[in-house]
Amino acid sequence: IKIAQGQKLTDIEVNGTEAEKQIAAANRKSLLAPARNKEEKRAQKEAIRRSRADARAAFMRGDEAALPLRDRGPARRFVRNYVDARRSVGELFLPLVFIVFLLSLIRNQTIALASIALMYATIVAAIMDGIIMSRRLKREIEKRFPGTTTRGLGRYAWSRSILMRRTRTPRPQVKIGEKI
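Okay, here's the thing in structure tokens:
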């Protein structure tokens, strides 16, 4: 029995399950198959766009299943919350570089040198803050999550702490100053 796409079971002679299989095969579409006309292409693009938007929203919320492997796990969640609950010197670095750039356009040598010295002092302070934070975090993780390796967690925390709060992904789940 030949069945055209979109034809219903009532439109043909029923020959047991053979007809049902043929109808199902004719109506089945592969998600990977290219769209056949403009409407299908538009619908396919919209479905892909919606899927990506949903995945991005889940990632930004911090849903465990949507996170990449480097961000998964209770220890990493604790690190993110620990970093997000405090202020760090590294957060100030990017705005400070912009200010130094503007001040370096001024023809006054004293102002230009002072601004560059301030930038280097901020770099040193951010590195020291990162080292101290890393040590405290590792001790706290060993207490709260016994048996969890702390390898790479200090670097993970420091890389998050040097970003401005608004640019961190996934978004901060705790407020500044909140107890964890």
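Start counting the sequence shown at 310; every next residue gets the next number (this note's numbering).
Heads up, the beta-carbon is just placed ideally off N, CA and C, and yes, glycines get one too.
Computed from a predicted structure; not experimentally measured.
Verify whether the separation of the beta carbon atoms of residue i and residue j is less than 8 Å.
i       : j       : result
Met-428 : Val-398 : no
Gln-331 : Asn-390 : no
Leu-412 : Ala-421 : yes
Arg-477 : Arg-464 : no
Ile-425 : Val-409 : yes
Ala-394 : Phe-454 : no
Ala-362 : Ala-375 : no
Phe-402 : Ala-352 : no
Relative to the C-alpha of residue i, which candidate in the options has its C-alpha closest?
i       : options                               : result
Gly-461 : Pro-455, Lys-447 and Ile-471          : Lys-447
Ala-489 : Arg-464, Ile-450, Arg-474 and Thr-476 : The amino acid occupying residue 489 in the given sequence is Ile; Ala does not appear at that position. Selected option, being the one with the closest Cα: Ile-450.
Pro-404 : Arg-475, Ala-328, Glu-327 and Glu-487 : Arg-475
Residue i and residue j look like a contact to me (Cβ under 8 Å); what is the Cβ gap, rounded to whole Å?
i       : j       : result
Phe-387 : Pro-479 : Rounded, the Cβ-Cβ distance is 14 Å, inconsistent with contact.
Ile-485 : Arg-396 : 6 Å
Tell me whether residue i is buried or exposed, calling it buried when 16 or more other Cβ atoms sit within 10 Å of its Cβ.
i       : result
Met-473 : exposed
Gly-456 : exposed
Ala-466 : buried
Ser-360 : exposed
Asp-372 : exposed
Asp-320 : Caution applies to Asp-320, whose pLDDT of 48 falls short of 50 and renders its modelled position unreliable; the model cannot decide the point.
Met-437 : exposed
Glu-329 : exposed
Glu-349 : exposed
Glu-400 : buried
So with Cβ pairs under 8 Å, would you call residue i a contact of chain B?
i       : result
Ala-364 : Among the chains in the structure shown there is no chain B, since it carries only a single protein chain.
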